[in-house]
Amino acid sequence: MIDLTASEIRDGVRAGKWKAREVVDAHLERIAAVDPKLHAYLHVDADGARAAADRVDASGVKGLLAGVPVAVKDNMCQRGIPTTCASKILEGFRPPYDATALLRALAAGAVPVGHTNLDEFAMGSSTENSAYGPSRNPWDPTRAPGGSSGGSAVSVAARMTPLAFGSDTGGSIRQPAALCGVVGMKPTYGRVSRYGLVAFASSLDQIGPIARTVRDAAMFLQAFAGHDALDSTSAPAEVPDYEKDLEAGVKGLRVGVPKEFFGAGTDPGVRAAIDAALKVLQKQGATLVEMSLPHTDYGIAAYYVIAPCEASSNLARYDGVRFGHRAKSFDGLIDMYRKSRTEGFGEEVRRRILLGTFALSSGYYEAYYKKALQVRRLIKNDFDEAWKKVDVIAGPTSPIPAFKIGEKANDPIAMYLCDVLTVTAPLAGIPGISVPAGFTEGNLPVGLQLLGKEWSEATLLRTARSYERETEFWKRSPAL
Amino acid sequence: MSLPWETVIGLEVHVQLKTRTKLFCGCANKYGADPNTLVCPICLGLPGVLPVLNRQAFALAVRAGVALGCEVANVTKFDRKNYYYPDLPKGYQISQYDRPVNRKGRLEISMPAANKNIGITRVHLEEDAGKLIHPDTEGSSGVSFVDLNRAGVPLVEIVSEPDMRSPDEAHAYLAALKEILQYVDISDCDMEKGSLRCDANVSIRRPGDDKLGVKTEIKNLNSFKSVAKALAYEAARHASIIEGGGKVQQVTLTWDAIAEKTVVLRSKEEAHDYRYFPEPDLVHIQADAAFVERIRQALPEKPAARRDRYVKELGLPAYDAGVLTGDKELAALFDKLRGEGLAPKVASNWVMKHVLAAMNEKKIAATTFTDKTRRIAELAKKVEAKQITGQTGAEIFAWILGTPETASVDEHILKQGLAQVSDAGALEAIVRDVIAKNPKVVADYKSGKPSAVQALVGQVMRETKGKANASVAKDLLVKALEC
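So the sequence lines, in the order shown, correspond to chains A and B. This note's numbering numbers the first residue of the first sequence as 1 and each following residue consecutively. This note's numbering numbers the first residue of the second sequence as 1001 and each following residue consecutively.
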């Protein structure tokens, strides 16, 4: 049962072939069996999951996700369920509300099984920055699963759930999806409501689906995309039917291959896998177009100014006054702030708060924040130019496959460079998907990244599906 | 003898908008509720929540700008002002930095010498913070409480140019500002309840100097009187520093209303760096010309313009015009009575005399009379036509106040027999009777005291319970006494 895709589970529940309760029990059993090795979960809500499954079974309405077990990244608020962002500062926090995306999935019959691990406040690329310990890559548990949605990617890759929510700010869905060999999509900024997603960098954050197959990702996104009156930045635009043209193929599609996506740091195994993937698309009727996105290399610099600036402000609310961690003893107000925040936040979060505070300070604002916004505009211009010539841009999701836990933990710059190919999409607000593209010689998954213009999710899903149909890498599963 | 100084003053006024709900969430915007009862995850700043702009608040901010003659921005946006304080749940205030809703307005103030225009730099929209409560009771030392009912209430901040030259001008500016904002109905402007708050910037220089002196800022002045006093104190303090050879330090102060002096809150070095940046949770707002025009059209006439019109076009005495336009509802009542066909001065008399008296006596609002103007006008016309006496008019006015507009004045007069008696035939018997009963007064009159007739008129009035037409009664009395 744990090998079923989400759409198979849903169809079976609808047809009465199996009960949602049986499905969730099988997955809870799987979690109990493998998660002690992988640490994908910070909190498993077995009772809540069974109750939700029973409700689906009892209900006459079988929605788009009827009976499908779903993992929730621990930065998405779920009513009454501990939501910590993998931070000590939110230890014990139980939100009195649900994130809109989660609420919509629940309304569609999804069965939430628990909250997954992440880099604290989604700041990181390996899930090592969790206050509760790292998650492990199911293909090689000595390696990191990527991040920040590492726990969600692990949950799907290790058959603990067929679907998981992720959130992407600089690559936090696509990169762990690539490193764990699953499908992960970052939708267009504004496609999905951010209400209830604990903010890291508000102008970049976007919730998206992690799944084993492209069809499952499309179906999942369908269930939670769309305008939300509670999020002013969510777009009022109509959500198309993502499954409608999924099998339509790529004939005549112009696929851009930017030279900047294959820099000197690209792992040879990754390079070979992506070259092979591009040939598959070509064979299926796509036209490959060599091209350039000249400002790609500046993406990291711009991203690591803008995201920390917004984070420094977004994380100011964790002050120990109303909720979350408050230091036990302190001397006056300032000392309470200082001690509570120093004790509550991990090193990387503190680093980014300081970076952002500095970059927004009087005298530095123009040199850092404003300059970064200008670079952001140039990166967006690069893409706008590209869409005149190509429909989709293809390349690796990550220049390297999964790295060893601890390998980059003490070198923030090396860690930041992991994001070089994923930060430009959120900076430009465009959608991107990572789809499994085979393995390196060391049997580590590689992800093919596809980027498209705003609101082109259907095109990206169709392209990814076309490639997936030919290769079927998703059928391979890690030995656990 | 020291040279004269010129005081330069600019004011920053925060005004709470009269909206149903808060600026970014659905909580009620209400004063005086129990602490932390008007809060939700959004105004508490819980993780993951997002602000959604209250359209009514935005419209009121535009109305404030239009009323103050501002240019309304086509596109405006919000910014975050970052600082830590327990009454600020998110650790930042959503405000407006470089693209405020309104810029470049003006406000006319009237001073004894001449009227003067004070420039308005900007009027922007932002959210209020909560309140800290420091209990004085024993055993609670060192403990403070936070009430977040006020957190997220919509404010406009109105920043003036440094155009005021005396504490009196600052006082006049505040009075004019309060008057106009109440008039256009965007705020109660009640300083006691904190719906109008004022910070003042002051510096001094020699008359004729172009350059401004070093300024100090006085925060949280909580009455018009405090503003004038604090400014006078501060200007004098600056003068004594400079005259003593010193330099004024740029500091932020508070006004100690009991000791009547300013106290330093923080120095320039301790000033906050608010790290403003664009609020990424909100989108830019378009205020197209048609929207602004609709607001402009719906704007009530400004008090000063209305006052002028009442004097020039309706011929009211300046005093009447001032009283009527001093309260928007009173002026509305006056206009409505004129609409019922009363001459301006007659309508004014009724409002100034009866309406105001009833308002003061019964502690009721002018709006209580809004749906009674038809009968009040009917009554006023009867008094004008001498069908009833002024005294009876007053009684009927009180009756009107306690009855619905459907109750008929005519019927009431008939039923109560209140019509004024002007018919000589009906009065003659009473006149004869009064003369017969008051031989002493009659003797006084006949011995050369014509004023004695008034006493007899009074008697006639008493006999008729005030219904007699006094002048007819007097004529009849004189006629009877002379023959």
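Note that CB positions come from ideal geometry on N, CA and C, so glycine has one too. Since the structure is predicted, the reported quantities are computational estimates derived from the model, not experimental observations.
_For Y304/A, three-class secondary structure by DSSP_ = Against the first sequence, residue 304/A aligns to sequence position 304. Y304/A falls in the helix class under three-state DSSP.
*Nearest-angstrom Cα separation, counted from G1032/B out to M1001/B*: Indexing the second sequence from 1 puts residue 1001/B at position 1. Indexing the second sequence from 1 puts residue 1032/B at position 32. Reliability fails at M1001/B, whose pLDDT of 46 lies under 50, so the model's placement of it is uncertain and no value is given.
_Considering Cα atoms alone, identify which of K1178/B, A1470/B and S1187/B is closest to P1154/B._
In the second sequence, counting from the first residue as 1, residue 1154/B sits at position 154. Out of K1178/B, A1470/B and S1187/B, S1187/B has the C-alpha closest to the C-alpha of P1154/B.
_Beta-bridge partners of K404/A, as assigned by DSSP_ = Taking the first sequence and counting its residues from 1, one reaches residue 404/A at position 404. Paired residues: R143/A.
*Beta-carbon of D231/A versus every beta-carbon of chain B: anything under 9 angstroms?*
One-based indexing of the first sequence puts residue 231/A at position 231. Interface residue, yes.
*Going along chain B, which residues have a C-beta under 7 angstroms from F345/A?*
Position 345 of the first sequence, counting from 1, holds the residue named residue 345/A. Near F345/A there are no residues of chain B at all, since even the closest Cβ is about 13 angstroms away, more than 7 angstroms.
*Which listed residue (G1393/B, F1277/B and K1018/B) has its alpha carbon closest to that of G1194/B*: The residue you call residue 1194/B lines up with position 194 of the second sequence. Minimum Cα distance to G1194/B is reached at K1018/B.
*asked:* I'd like the ranges of any alpha helix (DSSP H) spanning at least 4 consecutive residues and lying wholly in the region 202 to 231 of chain A.
replied: 214 to 224
*Mapping DSSP to helix, strand and coil, what is M1001/B?*
Counting from one through the second sequence, the residue named residue 1001/B turns up at place 1. Confidence at M1001/B is low in this model, with a pLDDT of 46, below 50, so the placement of that residue should be treated as unreliable; the coordinate-derived value is given next. Note: M1001/B maps to coil in three-state DSSP.
*asked:* Counting C-beta neighbours from all protein chains within 10 Å, is the total for Y189/A 16 or more, i.e. buried, or is it exposed?
replied: For the purposes of this step, residue 189/A is identified with residue 189 of the first sequence, where counting begins at 1. With 16 or more Cβ atoms within 10 Å of its Cβ, Y189/A is classed as buried.
_Let me make sure I understand the geometry here. Which of S1166/B, Y1274/B and K1345/B has the alpha-carbon closest to that of Y1083/B?_
Here the question's residue 1083/B lines up with position 83 in the second sequence. Comparing Cα-Cα distances from Y1083/B to each of S1166/B, Y1274/B and K1345/B, the minimum goes to Y1274/B.
*Taking the alpha-carbon positions, what's the A1394/B to N1349/B distance?*
Translated into the one-based positions of the second sequence, residue 1394/B becomes position 394. Translated into the one-based positions of the second sequence, residue 1349/B becomes position 349. The alpha-carbon atoms of A1394/B and N1349/B are separated by roughly 12 angstroms.
*Do you know whose CA, among G60/A, G208/A and P36/A, lies nearest T100/A's CA?*
Counting from one through the first sequence, the residue named residue 100/A turns up at place 100. That would be G208/A, whose Cα lies nearest to the Cα of T100/A.
*Under a three-way DSSP split, which group does D1433/B fall into?*
Here the question's residue 1433/B lines up with position 433 in the second sequence. Reduced to three states, the DSSP call for D1433/B is helix.
*At least one CB of chain A closer than 9 angstroms to the CB of I1281/B: is that the case?*
Here residue 1281/B is taken as the residue at index 281 of the second sequence, counted from 1. Here the sequence assigns Asp to residue 1281/B, which means Ile is not the residue at that position. Yes, because at least one Cβ of chain A sits closer than 9 angstroms to the Cβ of D1281/B.
*At what residues does the alpha helix (DSSP H) containing W1399/B begin and finish?*
Start at 1 with the first residue of the second sequence, and residue 1399/B comes out as number 399. From DSSP, the alpha helix (DSSP H) with W1399/B extends over G1390 to L1401.
_Alpha carbons only, please: which of E470/A, S466/A and A277/A is nearest the one belonging to L246/A?_
One-based indexing of the first sequence puts residue 246/A at position 246. The shortest Cα separation from L246/A among E470/A, S466/A and A277/A belongs to S466/A.
*asked:* Could you check whether L1023/B and I1094/B sit closer than 9 angstroms to each other, using their CB atoms as the reference points?
replied: Start at 1 with the first residue of the second sequence, and residue 1094/B comes out as number 94. Start at 1 with the first residue of the second sequence, and residue 1023/B comes out as number 23. Going by C-beta atoms, I1094/B is nearer than 9 angstroms to L1023/B.
*Counted within 10 angstroms of its Cβ, other Cβ atoms place R376/A as buried (16 or more) or exposed*: Position 376 of the first sequence, counting from 1, holds the residue named residue 376/A. Per the 10 Å Cβ criterion, buried.
*Tell me where the beta strand (DSSP E) around K1131/B begins and ends.*
On the second sequence, residue 1131/B is found 131 positions in, with the first residue counted as 1. Where K1131/B is concerned, the enclosing beta strand (DSSP E) stretches over K1131 to I1133.
*If you run the structure through DSSP and keep just helix, strand and coil, what is V1143/B?*
Against the second sequence, residue 1143/B aligns to sequence position 143. V1143/B falls in the coil class under three-state DSSP.
*By DSSP, does I379/A sit in helix, in strand, or in coil?*
Taking the first residue of the first sequence as 1, we reach residue 379/A at position 379. It is helical.
*asked:* Can you confirm whether the region 53 to 69 of chain A touches the region 124 to 137 of chain A when touching is taken to mean that 3 or more C-beta pairs between the two stretches lie within less than 8 angstroms?
replied: no
*Can you give me the start and stop residues for the alpha helix (DSSP H) that K1381/B sits inside?*
By 1-based counting over the second sequence, the position of residue 1381/B is 381. K1381/B -> alpha helix (DSSP H) spans T1373 to E1384.
*Note the first and the last residue of the continuous alpha helix (DSSP H) segment covering L1060/B.*
By 1-based counting over the second sequence, the position of residue 1060/B is 60. It spans R1055 to A1067 - the alpha helix (DSSP H) in which L1060/B sits, taken as one unbroken run.
*Counting only the same chain and skipping the five closest in sequence on each side, list residues whose C-beta sits under 6 angstroms from that of T1370/B.*
The residue labelled residue 1370/B in the question sits at position 370 within the second sequence. Around T1370/B: no qualifying Cβ.
*For K1178/B, is the classification buried or exposed, using 16 other Cβ atoms within 10 angstroms of its Cβ as the cut-off for buried?*
Sequence index remark: in the second sequence, residue 1178/B carries index 178 (1-based). Buried is the call here.
*asked:* Against chain A, with Cβ distances strictly below 9 angstroms, would F1277/B count as a contact?
replied: Numbered from 1 along the second sequence, position 277 holds the residue referred to as residue 1277/B. Chain A, which has a Cβ nearer than 9 angstroms to the Cβ of F1277/B, makes this yes.
*Grouping DSSP H, G and I as helix and E and B as strand, with all else coil, what is Q1286/B?*
To locate residue 1286/B, count along the second sequence from 1; it is residue 286. The answer is strand: DSSP assigns Q1286/B an E or B state.
*Segments assigned alpha helix (DSSP H), at least 4 residues, entirely inside the region 116 to 162 of chain A*: 150 to 157
_Going by DSSP in three states, W522/A sits in which element: helix, strand or coil?_
Past the boundaries of the shown model lies residue 522/A; chain A is included only from 1 to 480, so the question cannot be answered.
*Shorter than 9 angstroms from the beta carbon of R14/A to some beta carbon of chain B?*
To locate residue 14/A, count along the first sequence from 1; it is residue 14. Chain B, which has no Cβ nearer than 9 angstroms to the Cβ of R14/A, makes this no.
_Identity of the residues DSSP links to A1028/B by a beta bridge_ = Reading the second sequence from its first residue, position 28 is the one you call residue 1028/B. Answer is T1021/B, bridged to A1028/B.
_Beta bridge counterpart(s) of S1203/B as assigned by DSSP_ = Within the second sequence, residue 1203/B is the residue found at index 203, counting from 1. DSSP lists V1008/B as partners of S1203/B.
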